[in-house]
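Student: Heads up, the sequence shown is in full-length UniProt numbering, so the first residue is 1 and it goes up one at a time. All C-beta atoms in this analysis are idealised placements derived from N, C-alpha and C, irrespective of residue type, glycine included. Every value quoted in this text rests on a predicted model; they were computed, and no experiment measured them.
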Amino acid sequence: MKRRIHATQFLRQTIDYIVLTAAFLLTRQYIADKGDVFLSNFNVLLLMTSLFVWTVTGTSLRLYDDYRKTSSYSFEFVAILKNVLLHVCILSFLFFYFFKSYPYPRTFTLLYGVYIFAGIITTKYIVKKLTLRWRSHHSNPKNVLIVGTGQTGMNFYHTITANNHFGYNCVGFVDDQTNSLINGRYLGKISELTNILESNEIDDVIVALPESSREQTQQIIVTSERAAKRVQLISDFQQYCTPTTSVNLLGNIPLVNLRSFALDDPGHQRLKRAFDICFTLTVMLSFSWLFILIALLIKISSKGPVIFKQERWGLNNKKITCYKFRSMKVQASEVDSNGKFLQATRDDQRVTRIGRFLRKTNLDELPQCINVLMGNMSFVGPRPHATPLHIEARETIQHYMLRQMVKPGITGWAQVNGCRGETRFSGQMQKRVDLDIWYIENYSFWLDCQIIFQTLMNMIKGDKNAY
């Protein structure tokens, strides 16, 4: 098995080397001058350096991890994007500072990176699809016997049936009672397990019985191992599992963490905090003139304070004071006649003229840089909600409070995916929360960079939901 994995990884690396070589030659052809030697010793040295750097970065960023267990290409796409960006940065540094006789313009490395990215994502997508198709028709799947015809066993059966690339073939079911949905695959009762194992070609026994059947499970394990069959258990709590569920051993006790977040790691917390401080200080110093200009425009256009303070909720469900540039009239009410919180709506009469522009471009959020430096907010994270909206949502929106397990952000994954502005219907808020939870479960430094970039693009082109 290990030999097969190493062979697959070697093949994937070889394909990448071919793509990198082709990208280098295309870039070299594009910027070549008359009389240049196409593959001089210097060009070969540059190419070898590029291949070496790609190998190091690809291994470090887990580009060659096994992605067979998911049919989605998105995880591999993110790994490719991170690797190409880091690869181009390292090459730029090496080429310009260590190769004194480097003859090419700076656009060489940029164009080379574009060719690599286009070539790698295309070839890996094609290879993934061909591999999945080949495994579906030519692989040698494991023959498994499922013990248990309840919901747990049926879920496992439907999962492996719908995903041939997982490499499992269900020989049949064993249980003390049958199930009409198993399509004639019922082989007998648990007491007949020994005879069933001897009369069928079975590799693994999958035990999908409830926790209450401990004695039966123990007997099944003994019987299966006596027949030289590997046993795998599906835990009775599988209905509570999420894509980030993990199992750790505490001594000999398996401890199940239903949700594992990247930001639970102190290393990731320190990296995110360092990035928040550096990026926020850069923004505040670079655009200090913009802060002053907006403050003057607010002061001139309407009476009242420049900064608007509002109670919101942050990490561990603790109250924070959130700062914004004031975009509404001072006397504007936050609640209606029934005491219900008033969200900003399209053409809201409470919004000032300058406030409308600030909200449209997200510039009203700039003072939250102070919150980031204070440490009660991050630059990227789930957007905090005003107290009345927060209290209402935590009672009505599924998994809403999971957002409070990380610091709130100035911008977030939900916002750059169109979920911002008024949430008139519960389905709108649920979608926003689902996107926030996806971000928490899939956090990475590169994802934060992507969200910031998308936020900048939205600020430039405008957001139809920003009002």
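From the DSSP output, in three-state form, read off V56 for me.
Tutor: One-based indexing of the sequence shown puts residue 56 at position 56. V56: helix per DSSP, three-state reduction.
Student: Cα separation between residue 501 and Y104?
Tutor: With the chain represented from 1 up to 467, any question about residue 501 goes unanswered, as that position is not in the structure.
Student: Pairing CB atoms from the segment 364–374 with CB atoms from the segment 406–413, are three or more of them under 8 Å?
Tutor: Yes, the segment 364–374 touches the segment 406–413.
Student: Per DSSP, which residues does N143 bridge with? Please list them.
Tutor: Counted from its first residue, the sequence shown places residue 143 at position 143. In the DSSP output, where bridge partners are listed per residue, N143 has N169.
Student: In or out: G427 buried (at least 16 other Cβ within 10 Å) or exposed?
Tutor: In the sequence shown, residue 427 corresponds to position 427, counting from 1. Exposed: under 16 other Cβ atoms inside 10 Å.
Student: Consult DSSP for Q202 and reduce its assignment to one of helix, strand or coil.
Tutor: Start at 1 with the first residue of the sequence shown, and residue 202 comes out as number 202. Correcting the residue type first, residue 202 is Ile in the shown sequence and not Gln. If DSSP states are grouped into helix, strand and coil, I202 belongs with coil.
Student: CB-CB under 6 Å to S302, same chain, minus the five flanking residues each way: which ones, in chain order?
Tutor: Position 302 of the sequence shown, counted from the start, is the residue given in the question as residue 302. Same-chain partners within the cutoff: T352.
Student: If the criterion is Cβ atoms closer than 8 Å, does the pair L81 and L51 meet it?
Tutor: Here residue 81 refers to the residue found at position 81 when the sequence shown is read from its first residue. Here residue 51 refers to the residue found at position 51 when the sequence shown is read from its first residue. Cβ atoms of L81 and L51: not closer than 8 Å.
Student: Around the C-beta of H399, are 16 or more other C-beta atoms found within 10 angstroms, so that it is buried, or is it exposed?
Tutor: Here the question's residue 399 lines up with position 399 in the sequence shown. H399 is exposed by the Cβ-count criterion.
Student: Do you know offhand how far N458's Cα is from T152's?
Tutor: On the sequence shown, position 458 is the one that residue 458 refers to. On the sequence shown, position 152 is the one that residue 152 refers to. Using only the alpha carbons, I get a separation of about 44 Å.
Student: Could you give the uninterrupted runs of the alpha helix (DSSP H) lying entirely in the segment 365–438, keeping only those of 4 residues or more?
Tutor: As far as the segment 365–438 is concerned, its whole alpha helix (DSSP H) runs of at least 4 residues are 368–374, 387–396, 413–416.
Student: With a cut-off of 8 Å, do at least 3 Cβ pairs link the segment 376–390 to the segment 309–320?
Tutor: Contact holds: three or more Cβ-Cβ distances are below 8 Å.
Student: When burial is assigned at 16 or more other CB atoms within 10 Å of the CB, is G35 buried or exposed?
Tutor: The count along the sequence shown starts at 1 and reaches residue 35 at position 35. With a pLDDT of only 49 at G35, under the threshold of 50, the placement of this residue in the model should not be trusted; the figure read from the coordinates follows. Under this definition G35 is an exposed residue.
Student: How far does the alpha helix (DSSP H) with F445 in it extend, from its first residue to its last?
Tutor: Residue numbering aside, residue 445 sits at position 445 when the sequence shown is read from its first letter. Segment 445–461, the alpha helix (DSSP H) holding F445.
Student: Within its chain, find whatever has a CB closer than 7 Å to the CB of Q454; leave out the 5 residues flanking it on each side and keep chain order.
Tutor: To locate residue 454, count along the sequence shown from 1; it is residue 454. Excluding positions up to five away in sequence, the list reads V416.
Student: Quick one: is L209 buried, meaning 16 or more other Cβ sit within 10 Å of its Cβ, or exposed?
Tutor: Against the sequence shown, residue 209 aligns to sequence position 209. When all chains shown are included, L209 counts as buried.
Student: First and last residue of the alpha helix (DSSP H) that includes P321?
Tutor: For the purposes of this step, residue 321 is taken as residue 321 along the sequence shown, with counting starting at 1. Looking at the sequence shown, residue 321 is not Pro but Thr. Run containing T321: none in the alpha helix (DSSP H); it sits in the beta strand (DSSP E), 319–325.
Student: Within this structure, are the beta carbons of L91 and V56 separated by less than 8 Å?
Tutor: As a working note, residue 91 is residue 91 in the sequence shown. As a working note, residue 56 is residue 56 in the sequence shown. Not closer than 8 Å, so no.
Student: Let me check understanding here. Comparing Cα to Cα, which of K124, V88, V78, D176 lies closest to T49?
Tutor: Taking the sequence shown and counting its residues from 1, the one referred to as residue 49 is at position 49. Answer by Cα proximity: V88.
Student: Can you give the Cα-Cα distance for T282 and E365, rounded to whole angstroms?
Tutor: On the sequence shown, residue 282 is found 282 positions in, with the first residue counted as 1. On the sequence shown, residue 365 is found 365 positions in, with the first residue counted as 1. Those two C-alpha atoms are separated by around 16 Å.
Student: Can you find the residues in the same chain that come closer than 6 Å, C-beta to C-beta, to S224, ignoring five residues on each side of it along the sequence?
Tutor: Here residue 224 is taken as the residue at index 224 of the sequence shown, counted from 1. Correct list, in chain order: V205, V231.
Student: Should P367 be labelled buried (16 or more other beta-carbon atoms within 10 Å of its own) or exposed?
Tutor: Numbered from its first residue, the sequence shown carries residue 367 at position 367. By the 10 Å Cβ count, P367 comes out buried.
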